[in-house]
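**Q** Protein chains in written order, with numbering that gives the first Met the number 0: chain A, 0 to 441; chain B, 0 to 487. Glycine included, C-beta positions come from ideal geometry on N, C-alpha and C. Right, I'll just put the structure down here and ask away after.
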Amino acid sequence: MDNINDILKEMGLNSIDDLFSDIPPNLKISSMGLDAGLSEDEVRRKAMEYASMNKTITQYHSFLGFGAYNHYVPAIISAIISRGEFLTAYTPYQAEISQGIMQALWEYQSLMAELLDMDAVNSSNYDVSTALGEAIRMAVNITDKNEVLIPKFTHPFKKSVARLYARGSNINLVEYPFDESGKIDLEFLKNNVNENTAAVYVEYPNMFGIIDENVAAVKEIIGDQRIMIAGVNPIALGILTPPGELGADIAIGDGQVFGLGLNFGGPMLGIFGTRMEYIRKMPGKIMGVTKDSNGKLAFAMILQTREQHIRRERAVTNMTSNMGLMAVASAIYVSLLGESGLKKLGEINMGLTNNLIERIKDFGIDMPFQGSPVFNEFYMKLKVSKTYLNLAARKSRVIPGAILGQEFGFDTRKEVNMITNVTERNTKEDFDAFMEFLGKVI
Amino acid sequence: MYHQAVYDEPFIFEIRGRKTVKLPHENENFRLNIPEKMRRKSLNIGDREEFEVVRHFTRLSQMNFGVDLGFYPLGSCTMKYNPRLNEEIASYPGFRDIHPLQDEDDVQGALRLMYELGEDLKKITGMDAITLQPLAGSQGEFTGLSIVRAYFENRGELDQRTEVVVPDSAHGSNPASANMAGFKAIEIKSNKDGKVDFEEFKKYITKNTAAFMITNPNTLGIFEDNIKQMADYAHEMGALVYYDGANLNGIMGKTSPGKMGFDIVHLNLHKTFSTPHGGGGPGAGPVAVKEHLKDFLPVPIVTYEGGKYHLNYNVPKTIGKVANFYGNFSILVRAWAYIKLHGEEGLREACERAVLNSNYMSYKISKIMPVPGYRIKKHEFVASSHDEEGKLPKASDIAKHLINNGVHAPTIYFPLIVPEALMIEPTESATKEEMDRFIEILKDAINTPKEQLEKEPTNLKVGRIDDVDASRNPRPTYRVLMKANSKN
């Protein structure tokens with residue numbers, strides 16, 4: 000029988016309070032000041048009430064992306080990742096009883112390796128912003144130099160995280176500009192890569208959605224002694240050249256697009272890959288293939304001596320928990336879509352985006368980098384105030400995009416600089432509503 | 000006898016077939032203007048049918064162990080039961096299908112939930128302000144120590160305050176986080192009771208100390224009863240005091256970091272507040288601070304003004320952002336549900352039962368093998384499978400005997416200060432019967448000949464794994480494995 004008093008008696012104690020006699024009386028609290036607990040059904044109803052106070056993205060014609068994307072989420076993902084065997088497991092420190100999640104994570108690493116063209120992939124970082132922070136630290140660790148170049152036009156949240164990670168390691172982040180077509184200013188790079196430069200961070204599609212082919216010239220400019228970090232939108236890799244082929248030494252991206260849904264911005268998934276020669280400098284848990292005592296194929300966590308529980312202060316990172324379940328989710332997603340599904344999906348995203356741009360062209364709207372190919376986001380300047388734009392958007396039930404503000408020196412009282420995103424989930428009705436909205440603001 | 004499901008499951012790459020998934024707009028034709036250099040030539044991951052994907056990953060799941068399957072006393076990980084209600088709520092479209100950049104008016108329910116969670120966590124910890132943004136416990140540590148850094152930078156003392164002092168029993172993430180935030184980690188030796196000695200402590204806290212960082216109860220499950228004295232002394236010396244909240248389950252509702260004198264706290268929602276670990280994550284690591292540090296919190300913070308909830312970016316000396324958006328929102332939803340379900344009494348009872356279970360196991364196991372440190376434990380304790388005569392099995396062999404019998408092993412070889420350490424945390428989600436069974440298996444391990452133990456596990460998907468080979472010849476991906484195989 001599971002009886003508290005029996006357990007106490009067996010230990011020769013009278014009350015639970017005896018077990019807290021080691022806490023000095025002056026440190027004890029009598030109440031935390033929380034409400035009383037509710038029944039399951041009461042919590043459910045309260046949660047439903049709060050959930051109903053939110054307007055979901057599906058209630059709009061939404062073109063909002065800019066770091067979190069409204070992609071299709073296959074039904075099988077939640078069915079599999081809500082299985083208790085995966086959901087309620089810890090990091091697989093006991094490998095023999097955890098082979099299932101280890102194979103799933105190893106397959107995640109392997110699938111991402113193919114997408115990125117990178118031989119080594121970890122079993123996840125938290126998100127793309129923290130992956131960038133870690134990539135910068137790793138590049139500095141490899142090269143023993145302390146300056147890293149990043150695009151001026153990097154998502155402001157990502158840049159802020161990267162700055163924090165850089166600050167702790169005394170790394171100097173230098174911003175580089177784009178040219179008039181919205182691509183990397185290669186001349187600037189040539190003139191500003193010097194003996195202190197550890198790495199250059201490039202993105203494709205970049206913050207403006209542009210598929211920047213100048214990325215292909217970067218590795219030659221910076222040379223083998225410096226690290227090229229490439230940030231990609233992983234869902235574009237069904238149709239775009241992988242970072243490994245373009246010379247990247249470290250590749251990162253956010254796996255949120257691979258079937259994770261929006262969830263108000265989290266959890267997401269930091270995809271992180273590198274060349275084999277740098278695997279010992281890579282942060283995060285890594286699953287590997289080995290054999291058991293009977294010579295049977297088995298999975299193990301490898302290179303743990305890089306990690307905090309062994310190396311402590313000298314560990315390559317402090318990262319302990321990761322996004323294991325999200326990594327499994329995206330492995331399921333990528334397995335389900337397969338190579339032809341990912342290619343098709345890339346074509347759909349890019350094709351729909353370009354169709355919308357075609358329709359907009361007739362309006363004579365200022366699209367600063369028009370002509371540069373984009374994947375599924377594009378940049379517009381509208382000569383209206385943010386307030387007016389929001390009013391018009393609401394009327395058409397459109398969320399037309401993400402508005403760039405002060406962080407880039409834009410004054411939203413006079414002009415709206417907007418990043419618009421199109422995905423496979425957008426419908427003909429969405430596009431018509433978008434055109435109706437544009438008609439109102441120009 | 001325990002038997003795990005065993006499938007000779009092929010790699011996903013070897014399961015090939017027809018693509019069956021249907022995408023929107025699939026039958027439309029598009030003209031694409033991809034620059035030649037940027038056009039992908041090939042992708043080698045194959046196609047397969049939906050049911051094949053479901054079968055593959057379902058079979059993999061069956062070769063895995065979680066809290067839903069059995070006792071999981073993994074020390075310092077607080078593997079308590081994860082209520083299924085949490086999962087249901089996190090899947091409501093009103094929480095799932097909202098975009099982080101939607102207008103504030105559209106997401107009042109989400110912000111209200113975050114605000115309430117923040118308020119409740121402040122009450123539980125006895126702190127004044129909070130951020131929910133950090134994505135895991137370690138990231139909470141990095142965030143908290145970045146706040147320490149910004150605080151001393153603001154006071155013009157950063158050149159001087161370069162050290163973070165941690166006990167040698169601390170979680171490894173503590174010194175690693177200190178290093179990432181730009182500090183030097185200094186370790187204090189624990190005394191024979193497994194605690195920090197106050198006189199010794201004073202020698203380490205100097206004008207160079209930025210912060211003293213400690214978990215209480217410590218990793219031996221022992222309450223550091225000098226804590227207020229240490230916090231006061233550190234403050235006198237101008238340093239801040241940081242609480243690693245990984246072990247909060249051992250004191251929740253009984254005392255609080257605020258009461259103990261801490262300035263900064265991180266919490267692990269995936270430990271104390273029942274959100275699932277997912278085979279590694281996602282977690283969530285909110286950071287709470289006292290009034291004098293609130294101006295340094297990451298942006299945005301959730302505030303309530305004028306009858307509305309806001310994402311407030313107006314934090315004067317903010318360290319900036321620590322994540323893509325506002326944290327692992329769907330994990331926050333789960334923790335909110337757990338707190339609402341349990342309330343004041345329920346959370347305190349969870350702590351009491353966790354501590355009772357830990358003491359019961361410690362009491363029983365101390366008759367079998369040494370359990371170092373003070374007698375009363377909190378949520379966890381450390382047994383040492385180490386004796387002068389060398390009769391006790393190695394901790395790793397005991398672990399394999401446990402998993403072979405269908406219970407998860409404790410954390411082994413940690414903390415580093417105890418030889419052959421078995422760090423055991425039963426949590427409140429364990430019955431007396433389960434704990435007794437664990438102890439029987441432990442006794443059985445001691446009575447099993449060494450040669451036989453070393454052959455275990457035998458009831459699982461695989462036998463004992465060769466970790467040395469795994470790391471000497473890393474094969475982290477299918478493509479690397481194929482290259483290695485073709486060489487042999």
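Under a three-way DSSP split, which group does residue 78 of chain B fall into?
**A** Walking along the second sequence from the start, residue 78 of chain B turns up at place 79. Reduced to three states, the DSSP call for residue 78 of chain B is coil.
**Q** Is there contact here, the stretch 334-348 of chain B with the stretch 257-273 of chain B, by at least three beta-carbon pairs under 8 angstroms?
**A** Short answer: they touch.
**Q** Give the residues of chain A in contact with residue 466 of chain B, contact being defined as C-beta atoms less than 9 angstroms apart.
**A** In the second sequence, counting from the first residue as 1, residue 466 of chain B sits at position 467. Here the neighbours are 94, 289, 299, 300, 301 and 303.
**Q** Going by beta carbon distance, what residues of the same chain come within less than 7 angstroms of residue 237 of chain A, once the five residues before and after it are set aside?
**A** Along the first sequence, read from residue 1 onward, the residue named residue 237 of chain A stands at position 238. Around residue 237 of chain A: 341, 342, 344 and 345.
**Q** Give a yes or no on whether the minimum CB-CB distance between residue 85 of chain A and chain B is below 7 angstroms.
**A** Along the first sequence, one-based indexing puts residue 85 of chain A at 86. Judged by the 7 angstroms Cβ criterion, residue 85 of chain A is in contact with chain B.
**Q** Using the C-alpha atoms, what's the distance from residue 162 of chain B back to residue 173 of chain B?
**A** Here residue 173 of chain B corresponds to residue number 174 of the second sequence, with the count starting at 1. Here residue 162 of chain B corresponds to residue number 163 of the second sequence, with the count starting at 1. If you take the alpha carbons of residue 173 of chain B and residue 162 of chain B, they lie about 12 angstroms apart.
**Q** Just list the residues that DSSP pairs residue 265 of chain B with in beta bridges.
**A** Locating residue 265 of chain B in the second sequence gives position 266, counting from the first residue. Bridge partners of residue 265 of chain B: B:243 and B:286.
**Q** To the nearest angstrom, how far is it from the Cα of residue 323 of chain B to the Cα of residue 31 of chain B?
**A** Counted from its first residue, the second sequence places residue 323 of chain B at position 324. Counted from its first residue, the second sequence places residue 31 of chain B at position 32. If I take the Cα positions, the gap works out to 30 angstroms.
**Q** Quick check on this structure: which residue in A:43, A:64, A:23 and A:48 has the alpha carbon closest to the alpha carbon of residue 352 of chain A?
**A** Counting from 1 along the first sequence, the entry for residue 352 of chain A is found at position 353. That would be A:64, whose Cα lies nearest to the Cα of residue 352 of chain A.
**Q** Answer yes if the stretch 471-487 of chain B comes into contact with the stretch 388-399 of chain B, meaning at least three C-beta pairs across the two stretches below 8 angstroms, and no otherwise.
**A** Cβ pair count under 8 angstroms is below three, so no.
**Q** Using a Cβ-Cβ cut-off of less than 8 angstroms, list which residues of the stretch 348-363 of chain A approach chain B; keep chain order.
**A** Against chain B - using a Cβ distance shorter than 8 angstroms - the residues of the stretch 348-363 of chain A are 349, 350, 351, 353 and 354.
**Q** At a CB distance below 8 angstroms, what residues from the stretch 68-79 of chain A approach chain B? Give them in sequence order.
**A** Listed by position, the residues of the stretch 68-79 of chain A near chain B (Cβ gap below 8 angstroms) are 69, 71, 73, 75, 77, 78 and 79.
**Q** Which residues of the stretch 42-63 of chain B have a Cβ closer than 7 angstroms to any Cβ of chain A? Give them in chain order.
**A** Result list: 42, 43, 44, 45, 46, 47, 49, 52, 53, 56, 57, 59, 60, 61, 62 and 63.
**Q** Under 7 angstroms, Cβ to Cβ, is there at least one residue of chain B near residue 163 of chain A?
**A** Taking the first sequence and counting its residues from 1, one reaches residue 163 of chain A at position 164. Yes, its Cβ sits closer than 7 angstroms to a Cβ of chain B.
**Q** For a test of your reading of the model: does the CB of residue 399 of chain B fall under 6 angstroms from any non-hydrogen atom of the ligand ZN? Yes or no.
**A** The ligand ZN is not part of the structure shown, which contains no ligands of any sort.
**Q** Just the Cα atoms here: how many angstroms apart are residue 377 of chain B and residue 281 of chain A?
**A** Residue mapping note: residue 377 of chain B aligns to position 378 of the second sequence, counting from 1. Residue mapping note: residue 281 of chain A aligns to position 282 of the first sequence, counting from 1. Those two C-alpha atoms are separated by around 36 angstroms.
**Q** Would you check if the distance between the CB atom of residue 255 of chain B and the CB atom of residue 426 of chain B is smaller than 7 angstroms?
**A** As a position in the second sequence, residue 255 of chain B is number 256, starting the count at 1. As a position in the second sequence, residue 426 of chain B is number 427, starting the count at 1. Their beta carbons are not under 7 angstroms apart, which means residue 255 of chain B does not touch residue 426 of chain B by this criterion.
**Q** Kindly give me the distance between the Cβ atoms of residue 335 of chain A and residue 73 of chain A, rounded to whole angstroms, as I take these residues to be in contact under 8 angstroms.
**A** Mapped onto the first sequence, residue 335 of chain A falls at position 336. Mapped onto the first sequence, residue 73 of chain A falls at position 74. Right, the Cβ-Cβ distance comes to about 6 angstroms (below 8 angstroms), so this counts as a contact.
**Q** Less than 8 angstroms between the CB atoms is what I'm expecting for residue 176 of chain B and residue 189 of chain B, so what's the real figure, rounded?
**A** Here residue 176 of chain B is taken as the residue at index 177 of the second sequence, counted from 1. Here residue 189 of chain B is taken as the residue at index 190 of the second sequence, counted from 1. The Cβ separation is near 20 angstroms, so there is no contact.
**Q** Give the interface partners of residue 440 of chain A over in chain B, defined as CB-CB distance under 8 angstroms, in chain order.
**A** Position 441 of the first sequence, counted from the start, is the residue given in the question as residue 440 of chain A. Going along chain B, no residue has its Cβ under 8 angstroms from residue 440 of chain A, so there is no contact; the nearest lies around 17 angstroms.
**Q** Considering only their Cβ atoms, is the gap separating residue 279 of chain B from residue 321 of chain A smaller than 7 angstroms?
**A** In the first sequence, counting from the first residue as 1, residue 321 of chain A sits at position 322. In the second sequence, counting from the first residue as 1, residue 279 of chain B sits at position 280. A contact, by the Cβ cut-off of 7 angstroms.
**Q** I'd like to know whether the C-beta of residue 65 of chain B is nearer than 7 angstroms to at least one C-beta of chain A.
**A** The residue given as residue 65 of chain B occupies position 66 in the second sequence. Yes, contact with chain A.
**Q** For residue 229 of chain B and chain A, any beta-carbon pair shorter than 7 angstroms?
**A** If you number the second sequence from 1, residue 229 of chain B lands on position 230. It does not: the Cβ of residue 229 of chain B has no partner Cβ on chain A nearer than 7 angstroms.
**Q** Would you mind listing the beta strand (DSSP E) stretches within the stretch 266-327 of chain A that are 3+ residues and don't spill past its ends, in chain order?
**A** The stretch 266-327 of chain A contains these whole beta strand (DSSP E) runs: 269-273, 286-290 and 296-300.
**Q** Does any CB atom of chain B fall closer than 7 angstroms to the CB of residue 89 of chain A?
**A** Counting from one through the first sequence, the residue named residue 89 of chain A turns up at place 90. Closer than 7 angstroms: yes.
**Q** According to the Cβ coordinates, are residue 419 of chain B and residue 383 of chain B closer than 7 angstroms?
**A** As a working mapping, residue 419 of chain B is identified with position 420 in the second sequence. As a working mapping, residue 383 of chain B is identified with position 384 in the second sequence. Yes, the Cβ-Cβ distance between residue 419 of chain B and residue 383 of chain B is below 7 angstroms.
**Q** Would you mind working out which of A:52, A:141, A:337 and A:409 sits nearest residue 46 of chain B, comparing C-alpha positions?
**A** For the purposes of this step, residue 46 of chain B is taken as residue 47 along the second sequence, with counting starting at 1. Answer by Cα proximity: A:337.
**Q** If you draw a straight line from the alpha carbon of residue 328 of chain A to that of residue 459 of chain B, how long is it in whole angstroms?
**A** As a first step, residue 328 of chain A must be located in the first sequence, where it is residue number 329. As a first step, residue 459 of chain B must be located in the second sequence, where it is residue number 460. The straight-line gap from Cα to Cα measures roughly 25 angstroms.
**Q** Output needed in chain order: residues of the stretch 105-136 of chain B with a Cβ under 7 angstroms from some Cβ in chain A.
**A** Flagged, chain order: 105, 106, 107, 108, 109, 111, 112, 119, 122, 123, 134, 135 and 136.
**Q** Tell me, to the nearest whole angstrom, how far the beta carbon of residue 291 of chain B is from that of residue 302 of chain B; I am working on the premise that it is less than 8 angstroms.
**A** The residue labelled residue 291 of chain B in the question sits at position 292 within the second sequence. The residue labelled residue 302 of chain B in the question sits at position 303 within the second sequence. At roughly 19 angstroms, the Cβ-Cβ gap does not stay under 8 angstroms, so residue 291 of chain B and residue 302 of chain B are not in contact.
**Q** Measure the alpha-carbon distance for residue 10 of chain B versus residue 37 of chain B and round it to whole angstroms.
**A** Sequence index remark: in the second sequence, residue 10 of chain B carries index 11 (1-based). Sequence index remark: in the second sequence, residue 37 of chain B carries index 38 (1-based). Roughly 30 angstroms separates the two Cα atoms.
**Q** When the Cα atoms are used, what is the spatial distance from residue 70 of chain A to residue 252 of chain A?
**A** Position 71 of the first sequence, counted from the start, is the residue given in the question as residue 70 of chain A. Position 253 of the first sequence, counted from the start, is the residue given in the question as residue 252 of chain A. So the alpha carbons of these two residues sit roughly 16 angstroms apart.
**Q** Kindly indicate which three-state DSSP category residue 193 of chain A falls into: helix, strand or coil?
**A** Residue mapping note: residue 193 of chain A aligns to position 194 of the first sequence, counting from 1. Residue 193 of chain A: coil per DSSP, three-state reduction.
**Q** Quick one, are the C-beta atoms of residue 94 of chain A and residue 273 of chain A less than 7 angstroms apart?
**A** As a working note, residue 94 of chain A is residue 95 in the first sequence. As a working note, residue 273 of chain A is residue 274 in the first sequence. Cβ atoms of residue 94 of chain A and residue 273 of chain A: not closer than 7 angstroms.
**Q** Within 7 angstroms (strictly less), CB to CB, does residue 366 of chain A reach chain B?
**A** Position 367 of the first sequence holds residue 366 of chain A. Taking Cβ atoms only, chain B never reaches closer than 7 angstroms to residue 366 of chain A, which makes this a no.
**Q** Along the stretch 37-55 of chain A, what residues have a CB closer than 7 angstroms to any CB found in chain B?
**A** Cβ contacts with chain B come from 37, 39, 42, 43, 45, 46, 47, 49, 50, 51, 52, 53, 54 and 55.
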